Every structure is written in structure tokens, then in C-alpha cells.
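K.L.:
Would you mind keeping the following structure in view while I ask a few things?
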Amino acid sequence: MAVGEDRPGPIRRMFGAGRRARAAAEQTGPVDPGTSGTAPAAPARLREEDLLLQSPLFDAEWYELVAGVGGDRETLVRHYLSRPVGQRVSPHPLFDPDWFRHNFSGDVGERDPFLVYLRRQAWSSATHPLFSASYYRRTVPAAKRHPYGPLGHYVEFGAPAGAAGHRWLQGDGTAPATDVRALVLDSRRAWMERRDRAASGAALQATPDWEGEQARERDPQLTSVVIDTGSDWESTARAVRRVVEGAGARRVQVVLIARASDPLTSLVLDALTVRHPQVEVLHQPIDHGPAQGIAAAVPRLRGSTLLLLDPVIDLDPGWLDPLLAPLDDEGVLGSQPLLLRPDRTVRCAGLAFAEEGEVHEFLQGFPVEDAEGVERLSFQALSGACLLLRTAHFASVRGLDAAVPPAEQDVDLCLRLTGAKSGRFAVRVEATAVQHDAPSRPRVRSGAPQVAADHDALWASRGFTIVHGEPSDQAGGPALVRVRPVVTEGDPRLRWAIKNPATTGPYGDRWGDTHFAEALASALRGLGQEVVIDRRDAFHRPTGRHDDVNLVLRGLTRFEAVSGTETVTLGWVISHPDEVTPDELRTWDRALAASTHWAAQRTREWGIEIEALLQACDPARFRPDLAVPDSGHPVLFVGSSRKQYRPMVRDAVEQGLPLAVYGTEWEGLLPAEFLAATYLPNDQLGAAYGAAGVVLNDHWEDMRVDGFLSNRLFDAVASGARVITDDVKGLEGLFGRSVQVARTPRDLVELSSAPDPDALFGDIAERSAVAGRVRRDHSFTARARRLLDLAVAARVARGLRI
384 MAVGEDRPGP
394 IRRMFGAGRR
404 ARAAAEQTGP
414 VDPGTSGTAP
424 AAPARLREED
434 LLLQSPLFDA
444 EWYELVAGVG
454 GDRETLVRHY
464 LSRPVGQRVS
474 PHPLFDPDWF
484 RHNFSGDVGE
494 RDPFLVYLRR
504 QAWSSATHPL
514 FSASYYRRTV
524 PAAKRHPYGP
534 LGHYVEFGAP
544 AGAAGHRWLQ
554 GDGTAPATDV
564 RALVLDSRRA
574 WMERRDRAAS
584 GAALQATPDW
594 EGEQARERDP
604 QLTSVVIDTG
614 SDWESTARAV
624 RRVVEGAGAR
634 RVQVVLIARA
644 SDPLTSLVLD
654 ALTVRHPQVE
664 VLHQPIDHGP
674 AQGIAAAVPR
684 LRGSTLLLLD
694 PVIDLDPGWL
704 DPLLAPLDDE
714 GVLGSQPLLL
724 RPDRTVRCAG
734 LAFAEEGEVH
744 EFLQGFPVED
754 AEGVERLSFQ
764 ALSGACLLLR
774 TAHFASVRGL
784 DAAVPPAEQD
794 VDLCLRLTGA
804 KSGRFAVRVE
814 ATAVQHDAPS
824 RPRVRSGAPQ
834 VAADHDALWA
844 SRGFTIVHGE
854 PSDQAGGPAL
864 VRVRPVVTEG
874 DPRLRWAIKN
884 PATTGPYGDR
894 WGDTHFAEAL
904 ASALRGLGQE
914 VVIDRRDAFH
924 RPTGRHDDVN
934 LVLRGLTRFE
944 AVSGTETVTL
954 GWVISHPDEV
964 TPDELRTWDR
974 ALAASTHWAA
984 QRTREWGIEI
994 EALLQACDPA
1004 RFRPDLAVPD
1014 SGHPVLFVGS
1024 SRKQYRPMVR
1034 DAVEQGLPLA
1044 VYGTEWEGLL
1054 PAEFLAATYL
1064 PNDQLGAAYG
1074 AAGVVLNDHW
1084 EDMRVDGFLS
1094 NRLFDAVASG
1104 ARVITDDVKG
1114 LEGLFGRSVQ
1124 VARTPRDLVE
1134 LSSAPDPDAL
1144 FGDIAERSAV
1154 AGRVRRDHSF
1164 TARARRLLDL
1174 AVAARVARGL
1184 RI
């Protein structure tokens, strides 16, 4: 039987419409909540005491435990109501007032959150970090009909039947899921025991046998990860998941240090041991600080390597192998990943030392491209936020020094290691991680021996000179001047910042703008240029003052150049022209547009010179020899839904064409049988286009009307494909017969189902000739050449160095 469709348990006797219905249930037997049960009648009109007495969600066993009182149910309810609202403890283990208040769609105000929950019957609201009402309702349909919602159903039916209350806590298929209520009760009892031991003075913390730990045999195939959690259980849970999932085939042990944690933090950490068998929690009733907390974990460490990890660090997939690799060299004492900010600029690429004893996070605020080759540099110290060491080495210097201020303990640890082992530290750019706390300011080491300054050499390796005696022109670093490369022949070597309008993270990685920016950057580098790429959140990073050229790919994100800088701005409108304004364009040094029609029209209307520069293709990725024609999908479309049923796709489906779609956000719009996959890697697109019978293409309406030819047209034609597109201005003579226009569904059928498609689109020889012309005249290299000429001219016009 499905959960909740069997005979209800005894708690069901408390459900129904008021006391009379409950008495009837006792005489005739419980009512199945999946059929005729109803919620209490007009709960808003009930007295608070009656509301709580009738609700099975007032958990007497739990309330006795957390409130420290005894008595029958009526006594407990009256005790609860006698307390001021702000001092009441939750009457149910799976109802956390703060969690409910944060997630409830209404305004709780100064009212009791639990009473609001009952009166409003807010059963779909989240009530606890370890119970997901939405997950439970989705996986246990009977919960939708329960008079007290998913939580009431879970308590009465789900937990006894082994149903999961949270996706974290599912069973493994051979055992029932974790009973979340029981887990909360057990965790709270354990927390109270630790609290009482701490109060009695019995919670003493032993000092490790450091010599024994240094000599101890440990598993060379295991990495122990130690996370000092603090009270941030949300970040810790995320960090643990990233550690475990990103380690790949490597084995990890994760030890969580809980220093005098509050009950909720302790509970969530305990739950992580259920979710991830690699995790164990070291609960410490008294907070002796991070150094002693981590020291107490050393006897538990089974791995020969140790990762010290802050909970605010999100490790990217594949993090462990690159960090372990440098330790194959005995001269390398430790390693760290390239730490990034949430906008994916650099947070820390190692630590740099100044003459005055100041320590700063190297490359903070710079694009990731500036970290290329950092793995070849030697560092005297690394960030303790994510630091990989040999466990025996950590024990040999007795761990972190509690006498040193916490902000300096990582530097102190590294310097003691280099003093004892005569080695160096390495940063691995192949491993990346996002650090979510606020950027740090430079640290001044107090009372420590002086260390040889290395920041001049480190910054020189990146092409910068430190201006000594000047105030810092960036967060966390010295004042810098970029050293311009001396070019005696050919083009000047400029530093370009391509402004990619895509979002940060995996979702933005799939945007066409991202692939476009990467291809354009590669073409510019091929012309000897230095190029970095900024996503939208980093458009105006302070270190942009070192860039010679802003190249704005104007899509969904507006960019207004800052006046008074020595950076020229080239703005290239490639999509969404309706969102572009003349005021924005006037801040640019040069304006370009991927439409001949729009450029000419706006030049006349706005009095701003706009040059037409069409989109482009990457000849290395898109060429006819990648596939055999007609060996792939008969009808192919690659693109997201844009959250609408795109007309070209809709017409193909309604006309019964053998369509295959690759893209996201099609659920609920496109019949499932037409969705081939949610993503087609960019390096496979050329072969897919060339193998297809026909490739479908369409445009946003404003782009179609204004003649912004899509990038897909260039890519598909360069691959030798037959392309069917909507009616867009500017096609004339550009792609020959390789591109045909479908103005009606009938056109689409006739073009895609022609008995001799080569008679319409040209044979492979003709299409290959068109592809060759597109790959030559409309390549990213051709576009880069024009952009470089424009940038040099703009800098000369402003009297800037080139």
C-alpha cells in the first residue's frame, strides 16, 4: 500500500473538526485522511488553548524535553501559552519558528509562528531544515489530502512506514529512510547531555600526543577534510556536499568540528552523517577556539593528507587530484586551489609578503586569466581557508598555534612548516573554489619574525610593478602599474576585457554569449592580444583600471563606460536591440551592431555613428568535414525554450516532423519524445549541424525585425548544413542557397521533407563552397582584426598610449 493509504495510527484520533468529531472518531474508529478527513472547523475562531489541544502537532514528548516541564497535555499547553511569545520554545521537533518565519509567504509579525501556522493552515510552508513539505508532498501524494498537511501526514503515517521527510535522509533502498522526528529528539538529548557536562566541568579536552600522531601510520589513499563549522550549518552542509561530490573516485573522510554549537547546528551536522557516510562530527561542549578544536580532531584523522577547509568554501568538481599532485614532490609542503569570489574573479592565489610585514591575498580582484601559470610560482604561505597538507607534517609542528590571533594562524602554520621542513607551497589553478565571505584586507603580522618580501617578484610575474609608498588602488593589495609589453613590429599588444552578459555559474556557462566571448578571446589572442573575460557581476571590478580596452558584448546586460579612465570602450550590440538606448551608446568610444539594417537606422535616428559588424563563426569548430551529411537527425533544433513555445519548434511538432531538440526549459512546452537532451556540448555542435537533414533556426522577434542574424546561422552554414530560418532582414546574398526561409508551416514541411533537398539547398559541393566563404569572411579572426583596428584608432583619438 502507498504511504498514508493504510489504516491510520492512533494519533489520527486527534484529527477532525473539533472535539465532537474527535469523540466520534474514538467511537467509530479513525477516519482515513486520504478520504473523508477534514481540517478543524474555523480554526481562527478557536481559543488558542483549544487549537493547541486539538492539534496533533503539539508534541507533548518533545515539549517536555525542551521546556523542562512535566504534566499532562493540557498542563503542557497552558505552560506554553503562559510564556511571552518571544520566549516560547517550539512545541514540535520539526517546527523551527525562525525557519518558518523566514520561509512563510505572509507576515508573522510579533505573533506566535506556530499558532500562525495552525490558524493559516500553512501546510505547504517550510517548517524545518530537515523536513521538506514540498519534497514530501511530491513523493507521498496522500499527504496533499491530510488535514494537517505534509507534516501531519509524515508524523502519523510517513515516519512509521519509513518514508523520507527530506531528500537528504532517504533510505538506500535496503533500509527505511531516517525517522526525522526521532533524529531530532536524539540529537537534542545528546546536546543537553553535552551542555550539562560542560556546566559541571566534566567536558575537559585532551591535548593530542603530537609525537605519536606524527609517527602514526595513515591511509595514503585517503584525504581527511577538517571543517571548523562555527554556527553556519547552511554553509557547512553545502561545503560537505561539494567536498564529497567533487572528490570523484578519490576517498575522503570529513570531520566536522562543532564548538559549543547551538541545538539546530548540532542537529544538522548530525544529519550530515546520515546523508554522507564519509562524515563524522566531533562535538565539543566548550569552545576553546579553532586551533584547539582542530587539534582535538587529529587523533580521528585516518588520511595521510589533510585539508583544512572553511565552511564558506565551495569546491568546484574535480578539486582533489590537482591539489594532491604537487605533494608528489617532497619539496612542496602544501597546496591550495585558486580561490575565487562569487563573481568568479580571484579572491586568493596564495599569500604575498611585503617588506613591512604586511601579508595580502595575491591577485585579489583580478580576472582568473591573470592567474594562468601561477602553479609555477613558489609561495611562502597559503590561505588557511582551503589548505592541503601532509597530516604527519601538521602533527610535527603541533597544528595551529592557539596563541596566535586566528586571522594569522594560517600564515604562522605555513612559516613554521617551512622553517621545519625547508620547502615551498603551491597554488593549483586547475582546482578552483568559491569563497563566500567578505574579501579580507591586508594583514599585518604582529610579533612574528620577519619574512623575506616576495610581493615584487610575484606581481612582476603577472606583468605589474608595485608603486611603493602609494596607497593601495585595490582591495587587499599594493598600488600597481601594468608593465606594457614592448612591441617593435606589428600590432601593439593591448589588454582587453571582454564583457560577457551571461550570469555567473554553470547556467551562464551554457549561454551562447559565453561561447561567443571565448571564441572571440581566442581570436584576439591569436593576434597577440592579452584578453580577460568578465561575466556581468564583474563588469565594473576595480582592477579594470589596468585594462586598455573594454569590449562589450551587448546582450541582456547594460554597460555604461566610466568617464575619466584610460580604458577605451568598444560596444558591440549582438542581441536584444530594443533594450539599447542612445545614452548608453554615447558612453562608448565606438559603437557596433550585428545588423546592417539596425546600424544604419539608429545612426540616422540617434546621430551616433554605428558600424555594422555581423556575428561570426569559429572555423576550427564548424566545418563541413566533421560529419557525413544526412547521417544525423532529420530535423534538428538546438536552443532553450526561452520559456515560450518557439514558433519554429511548435510548427515542426504540429506538422509531425521528425524533430530532435537539444536545450533547456522545454518541460511543459515540448512533448517529451522530441527532447533529445538538455544540452549539446559546443564542441559537438559542428558535427551535429553537418550530419542533420535540416537545421532549424529562429530569432527573437525584435532581432528578426531589426535584422540581427543569429549566431546559429553562421555556425550551421559553416558546417555545411542545410538551414531553415524565419524571415529575417539581411539574409540577401549572405548564405547563398544554404539558408531557406519558411514563412508558413507549409513552407517548413516542404523545405524539410523535399524528395531532393539538394535541389533547394545546393549539393554538398555548393554548400561547402558557401561554408568556406563564411569561414573566411565571417570568422572570429576576421572580427578580431577589425576590432583591434578600431581599438587602436580609439586610443590614438584620445591621446592614450598604445
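Residue 508 in the numbering used here sits at position 125 of the sequence shown, and the numbers go up by one each step. Beta carbons are placed, not taken as given, at the ideal position from N, Cα and C, and that holds for glycine. Given the structure is predicted, the values throughout are model-derived calculations rather than measurements.
For Ala995, name the three-state secondary structure that DSSP assigns.
P.N.:
Three-state result, Ala995: strand.
K.L.:
Identify, in the order they occur along the chain, each residue of the same chain with its Cβ nearer than 6 Å to the Cβ of Ile1107, setting aside the five sequence neighbours on each side.
P.N.:
Around Ile1107: Val1077, Leu1079, Gln1123, Ala1125, Leu1134.
K.L.:
Within the continuous alpha helix (DSSP H) that includes Val567, where are the two ends?
P.N.:
Note, Val567: alpha helix (DSSP H), 563–583.
K.L.:
When DSSP builds the beta bridges, which residues end up paired with Gly720?
P.N.:
Gly is not the amino acid found at residue 720; the sequence shown has Pro there. DSSP, once it has assigned bridges, lists Arg811 as partnering Pro720.
K.L.:
With distances taken Cα to Cα, identify the nearest neighbour of Val1011 among Leu477, Val963, Ser1102, Ser946.
P.N.:
Answer by Cα proximity: Ser1102.
K.L.:
Pair every Cβ in the stretch 1027–1035 with every Cβ in the stretch 994–1008, then say whether three or more of these pairs are closer than 8 Å.
P.N.:
Segments in contact, no.
K.L.:
So Glu943 and Leu1183 are in contact, right, with Cβ under 8 Å, and what is the actual spacing, rounded?
P.N.:
19 Å between Cβ atoms; not a contact.
K.L.:
What does DSSP give as the partner residues of Ile849 in its beta bridges?
P.N.:
DSSP, once it has assigned bridges, lists Leu863 as partnering Ile849.
K.L.:
Whole angstroms is fine: what's the gap from Ser583's alpha carbon to Gly451's?
P.N.:
Cα-Cα distance, rounded: 18 Å.
K.L.:
Could you tell me the distance, in whole angstroms, from the CA atom of Arg520 to the CA atom of Asp972?
P.N.:
Going by the C-alpha atoms only, they are around 56 Å apart.
K.L.:
Suppose the cutoff is 7 Å on Cβ atoms and the five residues either side in sequence are ignored; what does the same chain contact list for Val1175 look like?
P.N.:
These residues qualify, in order along the chain: Pro875, Ile1185.
K.L.:
Using 10 angstroms around the beta-carbon of Ala814, count the other beta-carbons present and answer buried if the total reaches 16, otherwise exposed.
P.N.:
Ala814 is buried by the Cβ-count criterion.
K.L.:
Identify whether Glu1084 lies in helix, strand or coil by the three-state DSSP scheme.
P.N.:
Helix.
K.L.:
Are three or more beta carbon pairs between the stretch 525–538 and the stretch 498–514 nearer than 8 Å?
P.N.:
Yes, since at least three Cβ pairs between the stretch 525–538 and the stretch 498–514 fall closer than 8 Å, the two stretches touch.
K.L.:
Report back the beta-carbon spacing between Arg1181 and Val951 to the nearest angstrom; my notes put them in contact at under 8 Å.
P.N.:
Confirmed, Cβ separation roughly 7 Å.
K.L.:
Given that a residue counts as buried once 16 or more other Cβ atoms are within 10 Å of its Cβ, and exposed if not, what is Gln1194?
P.N.:
The structure shown does not extend to residue 1194, since the chain is modelled only from 384 through 1185, so no value can be given for it.
K.L.:
For Leu459, which residues in the same chain have their Cβ closer than 6 Å to its Cβ, ignoring the five residues on either side in sequence?
P.N.:
Hits under 6 Å: Ala443, Tyr446.
K.L.:
Determine the extent of the beta strand (DSSP E) in which Tyr1045 is found, giving its start and end residues.
P.N.:
Note, Tyr1045: beta strand (DSSP E), 1042–1045.
K.L.:
Over what stretch of residues does the alpha helix (DSSP H) that includes Leu1134 continue unbroken?
P.N.:
Segment 1128–1135, the alpha helix (DSSP H) holding Leu1134.
K.L.:
In angstroms with no decimal places, state the Cα-to-Cα distance between Asp479 and Arg867.
P.N.:
In a straight line, the C-alpha of Asp479 is about 59 Å away from that of Arg867.
K.L.:
Below 8 Å, how does it come out for the stretch 753–760 and the stretch 783–791: are there three or more Cβ pairs, yes or no?
P.N.:
Result no; under three Cβ-Cβ pairs closer than 8 Å.
K.L.:
With distances taken Cα to Cα, identify the nearest neighbour of Gly891 among Ile916, Gly909, Ser905, Asp481.
P.N.:
Selected option, being the one with the closest Cα: Ile916.
K.L.:
Between which two residues does the beta strand (DSSP E) holding Asn933 run?
P.N.:
Taken as a continuous stretch (DSSP letters only), the beta strand (DSSP E) holding Asn933 covers 932–937.
K.L.:
What does a CB cutoff of less than 8 Å around Val780 pick up in its chain, not counting 5 residues either side in sequence?
P.N.:
So the qualifying residues of the chain are Leu796, Arg799, Leu800, Ala803.
K.L.:
Quick check on this structure: which residue in Glu738, Thr970, Trp981 has the alpha carbon closest to the alpha carbon of Ile957?
P.N.:
Ranking the options by Cα distance to Ile957, first place goes to Trp981.
K.L.:
Terminal residues of the continuous alpha helix (DSSP H) containing Pro965?
P.N.:
It spans 965–968 - the alpha helix (DSSP H) in which Pro965 sits, taken as one unbroken run.
K.L.:
Excluding the 5 residues preceding and the 5 following Arg403 in the sequence, name in chain order all residues of the same chain whose CB lies nearer than 7 Å to its CB.
P.N.:
With a pLDDT of 35 at Arg403, under the threshold of 50, the predicted position of this residue should be treated as unreliable, and no value is reported.
K.L.:
For Gly1145, I'd like the list of residues in its chain whose CB is within less than 6 Å of its CB, leaving aside the five on either flank, ordered along the chain.
P.N.:
For Gly1145, where only same-chain residues beyond five positions count, the Cβ hits under 6 Å are Arg1120.
K.L.:
Could you please give the first and the last residue of the uninterrupted beta strand (DSSP E) stretch that includes Trp879?
P.N.:
Trp879 -> beta strand (DSSP E) spans 878–882.
K.L.:
For the stretch 740–750 and the stretch 664–676, state whether three or more C-beta atom pairs, one from each stretch, are separated by less than 8 Å.
P.N.:
Short answer: they don't touch.
K.L.:
Measuring straight from C-alpha to C-alpha, what distance separates Asp611 and Gln597?
P.N.:
Asp611 and Gln597: Cα-Cα distance of roughly 21 Å.
K.L.:
Select from Glu432, Val449, Leu477 the residue whose C-alpha is nearest the C-alpha of Leu1197.
P.N.:
Not covered by the structure: residue 1197. The range shown for the chain is 384 to 1185.
K.L.:
From the DSSP secondary-structure annotation, give me the bridge partner or partners of Gln636.
P.N.:
Bridge partners of Gln636: Ser607.
K.L.:
Label Pro889 either buried or exposed according to how many other C-beta atoms from any shown protein chain fall within 10 Å of its C-beta, with 16 as the threshold for buried.
P.N.:
Exposed is the call here.
K.L.:
Touch check for the stretch 640–655 and the stretch 603–619: three-plus C-beta pairs under 8 Å?
P.N.:
Contact between the stretch 640–655 and the stretch 603–619 is present, because at least three Cβ pairs lie under 8 Å.
K.L.:
So for Glu628, helix, strand or coil by DSSP?
P.N.:
Here Glu628 sits in helix by DSSP.
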